[in-house]
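Number of protein chains: 2
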Amino acid sequence: MSITELPLLTSTEMVCCSPLLREPIDEEQAERLSRVLRALADPVRLRLLSLIGAHTGGEACVCELVERFDLSQPTISHHLKLLREAGLITSERRGTWVYYRALPEVLEQLTGLFRAA
Amino acid sequence: MSITELPLLTSTEMVCCSPLLREPIDEEQAERLSRVLRALADPVRLRLLSLIGAHTGGEACVCELVERFDLSQPTISHHLKLLREAGLITSERRGTWVYYRALPEVLEQLTGLFRAA
DNA sequence: CTCCTGTATCGATGAGTATCGATGCATAGT
DNA sequence: ACTATGCATCGATACTCATCGATACAGGAG
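Each protein sequence line maps, in turn, to chains A and B.
The first sequence: position 106 = 119 (this note's numbering), numbered continuously.
The second sequence: position 62 = 75 (this note's numbering), numbered continuously.
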């Protein structure tokens, strides 16, 4: 190897700036991270999360969400449960209706892992 | 509604700063986004991606990756294929070995969708 | 209390997927 | 040409999950 082939930066510096690509994550981190990503990795849940976040007042009741899909109410409730268990939304019952609200913190944590420096 | 209850900001401004939560995405966007997230939503693939990105020189051959898991070589090859099809890594054959390299662009695009302003 | 409406849970079913062993393919070495 | 090695593909299997209808549960109305 000639002098011109010697790297000026270490491998971790030259490759990428994303923390995920800069440092190998361990199995436990991978397991936790994959749980959140699995909750997001579905087109119905992505639309639900986006609809809830962009809805007037920052919240939406299940009845409004069900109207937006060609899916049964139990199916929508199932997806909302998965989003809630992943920490992406919260629910609050007010009278007959249950309102869902987006929690942006988890998405921001993902940003921290994926972002370039 | 009294004057004090009138929102000072529109719903899209008050709720959140993430583009995903600020504007409802359509079905096609959700479908495309979910494909990338499905590729990431697995602990083995997350570790593979991280190992590749953090590896010396920014690339790793399959043989080095297989050693890190209690999984068969075909299984690792399968996961690498899914990561490649999602645009997260690329492969290059050099002699007997196939080297994989991380492509940070897709992760950065996710950051743009999830990030706070 | 009884009925009605909105939502969650349950059980079943079909689709998708993670995994493996066997095998095929490409390249290097002899 | 033959063999050995690294990797990809194939076919099978077990498991996860998306979806539904049926049903249970909670709260409001009468």
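Glycine is no exception: its CB is placed at the ideal position from the N, C-alpha and C atoms.
Beta-carbon proximity list for residue i, same chain, < 6 Å, skipping 5 on both sides
i          : result
His-68(B)  : none
Cys-30(A)  : Ala-129 and Ala-130
Val-79(B)  : Gln-86 and Ile-89
Gly-70(B)  : none
Gln-122(B) : none
When the options are compared against residue i, the one with the closest alpha-carbon
i          : options                                          : result
Leu-95(A)  : Arg-48(A), Ala-129(A), Glu-121(A) and Glu-105(A) : Arg-48(A)
Ala-43(B)  : Val-75(A), Glu-40(A), Arg-35(A) and Ala-54(A)    : Ala-54(A)
His-82(A)  : Arg-60(B), Glu-40(B) and Ile-65(B)               : Checking the displayed sequence, the identity of residue 82(A) turns out to be Phe instead of His. Selected option, being the one with the closest Cα: Glu-40(B).
Leu-84(B)  : Arg-114(B), Pro-56(B) and Leu-120(B)             : Pro-56(B)
Val-119(B) : Arg-106(A), Gly-108(A) and Leu-126(A)            : Leu-126(A)
Pro-8(A)   : Ile-102(A), Trp-110(A) and Val-111(A)            : Missing from the structure shown is residue 8(A); chain A here goes from 14 to 130 and no further.
Tyr-112(A) : Arg-60(A), Leu-46(A) and Gly-66(A)               : Gly-66(A)
Trp-110(A) : Ile-38(A), Ser-90(A) and Pro-37(A)               : Ser-90(A)
Cys-76(B)  : Leu-50(B), Arg-106(B) and Ile-38(B)              : Arg-106(B)
Cβ neighbour criterion (16 or more within 10 Å) applied to residue i
i         : result
Ser-63(B) : buried
Leu-33(A) : buried
Val-98(B) : Going by the sequence as given, residue 98(B) is Glu instead of Val. By the neighbour-count rule (16 or more Cβ atoms within 10 Å), Glu-98(B) is not buried but exposed.
Pro-87(A) : exposed
Cys-74(A) : buried
Arg-60(B) : buried
Gly-72(A) : Note that residue 72(A) is Glu in the sequence shown, not Gly. So Glu-72(A) counts as buried.
Met-14(A) : Residue placement at Met-14(A) is poorly supported in this model, since its pLDDT is 44, which falls under 50; the coordinates are not used for a value here.
Sequence-distant residues of the same chain with beta carbon closer than 8 Å to residue i, five excluded per side
i          : result
Arg-58(A)  : Ala-52, His-92, Leu-95 and Leu-96
Ile-16(B)  : Note that Ile-16(B) scores a pLDDT of 42, beneath 50, so its modelled location is shaky and nothing firm can be said.
Gly-108(B) : none
Gly-100(A) : Val-49, Leu-116, Glu-118 and Val-119
Ile-38(B)  : Leu-46
Ser-104(B) : Leu-93, Arg-97, Val-111, Tyr-112, Tyr-113 and Arg-114
Beta-carbon contacts of residue i that lie in its chain and below 7 Å, excluding the five residues immediately before and after
i          : result
Thr-124(A) : none
Residues of the region 95–111 of chain B whose Cβ lies closer than 9 Å to any Cβ of chain A, in chain order: Taking a C-beta cut-off of 9 Å against chain A, none of the residues of the region 95–111 of chain B qualify.
message: Runs of 3 residues minimum, wholly inside the region 81–114 of chain B: which ones carry the beta strand (DSSP E) assignment?
response: Entirely contained in the region 81–114 of chain B, the beta strand (DSSP E) runs reaching 3 residues are, in chain order, 102–107.
query: Can you give, in chain order, each stretch of the alpha helix (DSSP H) that sits fully within the region 39–83 of chain B and has at least 4 residues?
result: Runs found: 40–53, 56–67 and 75–80.
- prompt: Using Cβ-Cβ distances below 9 Å, what residues of the region 55–70 of chain B are close to chain A?
  reply: Listed by position along the chain: Asp-55, Pro-56, Val-57, Arg-58, Leu-59, Arg-60, Leu-62, Ser-63, Leu-64, Ile-65, Gly-66, Ala-67, His-68, Thr-69 and Gly-70.
message: Closer than 7 Å between beta carbons: that is the criterion. Which residues of the region 112–125 of chain A meet it against chain B?
response: Shown in chain order are the members of the region 112–125 of chain A whose Cβ falls below 7 Å from a Cβ of chain B: Ala-115, Pro-117, Leu-120, Glu-121, Leu-123 and Thr-124.
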